[in-house]
Amino acid sequence: MIKSNPWFVYLIRDKNSSLYCGVTDHMIRRFRQHQSGKGAKFLRGKAPLTLEWLYIVDSKSTAMKLEYKIKRLSKSQKERMILTQRLPTSLEILPALP
1 MIKSNPWFVY LIRDKNSSLY CGVTDHMIRR FRQHQSGKGA KFLRGKAPLT LEWLYIVDSK
61 STAMKLEYKI KRLSKSQKER MILTQRLPTS LEILPALP
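Going by the UniProt record's numbering, the residue at position 25 of the sequence shown is 25; the numbering climbs one at a time, nothing skipped.
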């Protein structure tokens, strides 16, 4: 159960089909920043951008730990996450994240 303001872990696909993983506490604002070129350098000049995957957690700490783990996944594992709209089994138990 989310008790405080939620945090979002997301994957964005750029025009080259590359995937970018990030975290935010305000998804709409952050996606607009990315689209306008004022977000992550990785995505600048790579529009159009598509929000492909979104996961809600209860704290910034959990979001950052999950982002770290997702960034270590292969592209095919990330693509599988997008297709299933689920975390890989190895990441499902969020409280156990180190």
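All C-beta atoms, glycine included, are put in the ideal place defined by N, C-alpha and C. Predicted model, so just to flag it, every value in this text is computed and none were measured.
Note that the C-beta distance between Val9 and Ala63 is below 8 Å.
In the DSSP assignment, Arg13 is bridged to Leu19 and Thr50. As DSSP reads the structure, Phe8 sits in a beta bridge with Thr24 and Ile56. By the criterion of a C-beta distance shorter than 6 Å, Arg44 is surrounded in its chain by Gly37, once the five residues flanking it on both sides are discounted. Take the alpha-carbon of Lys71 and the one of Lys78: they are about 9 Å apart.
Here DSSP, grouped into helix, strand and coil, assigns Lys69 to helix. Secondary structure note for Ser76: its alpha helix (DSSP H) is the uninterrupted segment Lys75 to Thr84.
Closest in alpha carbon position to Ser18, among Ser4, Ser61, Val57 and Ser74, is Ser74.
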